[in-house]
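Chain order of the listed sequences is V and P.
Quick note, the first sequence lines up with residues 124 to 363 if you use the numbering used here.
Quick note, the second sequence lines up with residues 124 to 363 if you use the numbering used here.
Ideal Cβ placement from N, Cα and C applies to all residues, glycine included.
Bear in mind that the values here come from a model prediction, so they are computed numbers and not experimental data.
2 protein chains.
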Amino acid sequence: MSLAPVEEEQFAGGNLVSTAIGAITQHIRTNELGPGDRLPSEATLSKELSVSRSVVREAFRSLATMRLIDLNVGKRATVAQLDHGAMSLMIEHGVHTAQININQVYDVRRTIEMRTSTLAALRRTDAEARIILDHARAMETNFADADKVMESDLAFHLEIARASKNPIFSIIVGAFQGVSRQTWPIGWRSRASDAERHAMNRIHIDLAEAILAGDPQAASQLMARHFDESAKALLAAGIA
Amino acid sequence: MSLAPVEEEQFAGGNLVSTAIGAITQHIRTNELGPGDRLPSEATLSKELSVSRSVVREAFRSLATMRLIDLNVGKRATVAQLDHGAMSLMIEHGVHTAQININQVYDVRRTIEMRTSTLAALRRTDAEARIILDHARAMETNFADADKVMESDLAFHLEIARASKNPIFSIIVGAFQGVSRQTWPIGWRSRASDAERHAMNRIHIDLAEAILAGDPQAASQLMARHFDESAKALLAAGIA
DNA sequence: TTGATAAAACCTGTCGGACAGGTTGAATTG
DNA sequence: CAATTCAACCTGTCCGACAGGTTTTATCAA
Numbered sequence: 124m125s126l127a128p129v130e131e132e133q134f135a136g137g138n139l140v141s142t143a144i145g146a147i148t149q150h151i152r153t154n155e156l157g158p159g160d161r162l163p164s165e166a167t168l169s170k171e172l173s174v175s176r177s178v179v180r181e182a183f184r185s186l187a188t189m190r191l192i193d194l195n196v197g198k199r200a201t202v203a204q205l206d207h208g209a210m211s212l213m214i215e216h217g218v219h220t221a222q223i224n225i226n227q228v229y230d231v232r233r234t235i236e237m238r239t240s241t242l243a244a245l246r247r248t249d250a251e252a253r254i255i256l257d258h259a260r261a262m263e264t265n266f267a268d269a270d271k272v273m274e275s276d277l278a279f280h281l282e283i284a285r286a287s288k289n290p291i292f293s294i295i296v297g298a299f300q301g302v303s304r305q306t307w308p309i310g311w312r313s314r315a316s317d318a319e320r321h322a323m324n325r326i327h328i329d330l331a332e333a334i335l336a337g338d339p340q341a342a343s344q345l346m347a348r349h350f351d352e353s354a355k356a357l358l359a360a361g362i363a
Numbered sequence: 124m125s126l127a128p129v130e131e132e133q134f135a136g137g138n139l140v141s142t143a144i145g146a147i148t149q150h151i152r153t154n155e156l157g158p159g160d161r162l163p164s165e166a167t168l169s170k171e172l173s174v175s176r177s178v179v180r181e182a183f184r185s186l187a188t189m190r191l192i193d194l195n196v197g198k199r200a201t202v203a204q205l206d207h208g209a210m211s212l213m214i215e216h217g218v219h220t221a222q223i224n225i226n227q228v229y230d231v232r233r234t235i236e237m238r239t240s241t242l243a244a245l246r247r248t249d250a251e252a253r254i255i256l257d258h259a260r261a262m263e264t265n266f267a268d269a270d271k272v273m274e275s276d277l278a279f280h281l282e283i284a285r286a287s288k289n290p291i292f293s294i295i296v297g298a299f300q301g302v303s304r305q306t307w308p309i310g311w312r313s314r315a316s317d318a319e320r321h322a323m324n325r326i327h328i329d330l331a332e333a334i335l336a337g338d339p340q341a342a343s344q345l346m347a348r349h350f351d352e353s354a355k356a357l358l359a360a361g362i363a
């Protein structure tokens, strides 16, 4: 329950905040805290670590930004549920600072999502299969409204990741949503005709049906085809 | 160059720190800053955003913890290079709070690394191929010292990711290193005999040679076999 | 003019204190 | 015993201060 003084922490990163972060994560582990469990107050940690409240605050805030903990006014900090927020920021930062390009994002997504569609076909509940199919159909229903099509598309991919029952996949797929929102309209516009756009929606529906039918092979193949086609569309738009 | 006052920021997350974080990332984007470029000082941002220095500090610290920026005493903050630090913390947090289990980690790694080995076989430089092979051989050379074997193993996988020339893969593979360090000894011990351990090393060498030979198919197959075998070893140890 | 040196200005890390609200739990009261 | 009230906590934000480390400027000598 008690935390070791700063001097004994192995998490040293030169500054006190790093050690505080180490102490807090250590606290979570040694006490086997889970999502929702409450952490010590800033004042308590401040005393136990012999550092100022500012240091503890910066540590807390850092962990909150990474979504490891939740902060609320008046309430104590709590252990947070996994969330793609931190990874989203990271990916977007990489793209905006020219350290990552769109093709690389597509390659990762293709790799990951071929797997999520396989797993979804094997593990999805009936309810999940229905939701996935609904999203696919919504894309066709709202064909005229590109924004709605995009949101359904994103929801479709995320729901497949959820149905894979592996939270890491959900996080990764979720992390790319921000970037995808920026490139999606380009791909949509760059398709030569409405026929091609309908064809894309068709693949989504076929994929949803493969998952509903519990056919992992077909699901995976369709996902691959979807990405290959999208990459081609993006290439046509000059994103290479 | 100038930052909008807090009131106009769309990044609102209820607290001022979130808006400051938004303003800073926005600044990086609109000014197209890249790794190494300097950011405004805390005092400057404090004035421009009309918030206290504490708020700016928490924002900076948060971004530094996520490795989006680098902080140094006396120096101004700079844009950072991509790094798996943040994702590592996230994954470890997920594992320690029972939101992620080891099988899920293995599934993601298998999925990702089948791809990195494919790409490495296609894109590796000769120097990279040699380094990968060296790591594989080091595992056999240091057979008696499990710790050294492990470090070579980890370096082997990370180098393959690097050779894939997609930084996102490097980040993801790197992010799992912390967790792997904890499970690796279990897998090593759980193998029935030294013969099995040598067999595992053999796969690594074969894989390195497939990458050197530029055979993506073989590389990918060997990586898959490696993970299937490791999963079996872990299963034998009761990690399921 | 130029190049080295010293000083000033700037910057971050940490501390302490202060106050406005929001939250929680305990004492009080009906 | 239940509802209410109040005191104790707690977080969000601000301000001021000071110890070092860093960068720029100014000075001075060659």
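Where residue i and residue j are concerned, what is the direct C-alpha to C-alpha distance, given to the nearest angstrom?
{"i": "V/K340", "j": "V/A347", "result": "Contrary to the premise, residue 340 of chain V reads as Gln rather than Lys in this sequence. Computed Cα separation, rounded: 11 Å."}
{"i": "P/F367", "j": "P/H280", "result": "There is no way to answer for residue 367 of chain P, as the model of chain P reaches only from 124 to 363."}
{"i": "V/Y229", "j": "V/K170", "result": "48 Å"}
{"i": "V/R232", "j": "P/A252", "result": "26 Å"}
{"i": "P/A298", "j": "P/V196", "result": "27 Å"}
{"i": "P/R304", "j": "V/T264", "result": "49 Å"}
{"i": "V/A209", "j": "V/R184", "result": "13 Å"}
{"i": "P/Q149", "j": "P/R161", "result": "14 Å"}
{"i": "P/I214", "j": "V/L357", "result": "32 Å"}
{"i": "V/I334", "j": "V/A267", "result": "26 Å"}
{"i": "P/E132", "j": "P/V140", "result": "Note that P/E132 scores a pLDDT of 41, beneath 50, so its modelled location is shaky; the value from the coordinates is reported in the next line. The alpha-carbon atoms of P/E132 and P/V140 are separated by roughly 12 Å."}
{"i": "V/A315", "j": "V/L242", "result": "33 Å"}
{"i": "V/D276", "j": "V/A259", "result": "7 Å"}
{"i": "V/D338", "j": "P/I151", "result": "45 Å"}
{"i": "V/I225", "j": "P/D257", "result": "32 Å"}
Does DSSP classify residue i as helix, strand or coil?
{"i": "V/V218", "result": "helix"}
{"i": "V/T201", "result": "strand"}
{"i": "P/N138", "result": "strand"}
{"i": "V/R152", "result": "helix"}
{"i": "V/I192", "result": "strand"}
{"i": "V/R285", "result": "helix"}
{"i": "V/R304", "result": "helix"}
{"i": "V/R314", "result": "coil"}
{"i": "V/R253", "result": "helix"}
{"i": "V/R348", "result": "helix"}
{"i": "P/R176", "result": "helix"}
{"i": "P/R238", "result": "helix"}
{"i": "P/R233", "result": "helix"}
{"i": "P/R161", "result": "strand"}
{"i": "P/R247", "result": "coil"}
{"i": "P/E131", "result": "Caution applies to P/E131, whose pLDDT of 38 falls short of 50 and renders its modelled position unreliable; the value that the coordinates give is listed next. P/E131: helix per DSSP, three-state reduction."}
{"i": "P/G337", "result": "coil"}
{"i": "P/I223", "result": "coil"}
Here's the rule I'm using: 16 or more other beta-carbon atoms within 10 Å means buried, otherwise exposed. How should residue i be labelled?
{"i": "P/T142", "result": "buried"}
{"i": "P/D249", "result": "exposed"}
{"i": "V/G137", "result": "exposed"}
{"i": "V/D155", "result": "Correcting the residue identity first, residue 155 of chain V is Glu in this sequence and not Asp. Flag for V/E155 reads exposed."}
{"i": "P/M124", "result": "Note that P/M124 has pLDDT 35, beneath the 50 cutoff, so the model's placement of it is unreliable and the number below is only indicative. Exposed is the call here."}
{"i": "P/P290", "result": "buried"}
{"i": "V/G159", "result": "exposed"}
{"i": "P/G361", "result": "exposed"}
{"i": "V/A182", "result": "buried"}
{"i": "V/A318", "result": "exposed"}
{"i": "P/D206", "result": "buried"}
If I'm right that residue i touches residue j with Cβ under 8 Å, what's the distance once you round it to whole angstroms?
{"i": "V/A166", "j": "V/R176", "result": "7 Å"}
{"i": "P/R320", "j": "P/A286", "result": "No, P/R320 and P/A286 are not in contact; Cβ-Cβ is about 25 Å, not under 8 Å."}
{"i": "P/T239", "j": "P/I283", "result": "5 Å"}
{"i": "P/R199", "j": "P/S164", "result": "6 Å"}
{"i": "P/I147", "j": "P/L186", "result": "6 Å"}
{"i": "V/T306", "j": "P/V202", "result": "Not really, about 22 Å apart at Cβ, beyond 8 Å."}
So which residues of chain P does residue i contact, with C-beta pairs closer than 9 Å?
{"i": "V/Q222", "result": "G157, P158, Q204, L205, P290"}
{"i": "V/V231", "result": "I235, R238, N289, I291, F292, I295"}
Anything in chain V within Cβ reach of residue i, meaning under 7 Å, just list it in chain order.
{"i": "P/H219", "result": "I151, R152"}
{"i": "P/H258", "result": "Result: empty, since nearest Cβ-Cβ is about 23 Å, beyond 7 Å."}
Which chain P residues are close to residue i, counting only those with a beta carbon under 7 Å from its beta carbon?
{"i": "V/R184", "result": "V140, E181, R184, S185"}
{"i": "V/Q327", "result": "Just to set this straight, residue 327 of chain V is His in the shown sequence, not Gln. Simply none; closest approach about 22 Å."}
{"i": "V/H321", "result": "Result: empty, since nearest Cβ-Cβ is about 31 Å, beyond 7 Å."}
So residue i contacts chain V; which residues on that side make the cut at Cβ distance below 9 Å?
{"i": "P/L212", "result": "I144, T148, L186, M189, L191, A209"}
{"i": "P/Q227", "result": "K288, N289, P290, I291, F292"}
{"i": "P/H349", "result": "Per Cβ cutoff of 9 Å: no residues; P/H349 is ~17 Å from chain V at best."}
{"i": "P/H280", "result": "Ordered by position in chain V, no residue passes the 9 Å Cβ test against P/H280, which lies about 16 Å from the chain."}
Given 7 Å as the limit, tell me if residue i has its C-beta closer than that to any heavy atom belonging to the ligand SAH.
{"i": "P/A209", "result": "Among the components modelled here there is no ligand, and therefore nothing to report on the ligand SAH."}
Please list, in chain order, the chain V residues whose beta carbon lies closer than 8 Å to that of residue i.
{"i": "P/S175", "result": "The premise fails here: P/S175 is roughly 11 Å from chain V at the closest Cβ pair, so nothing lies under 8 Å."}
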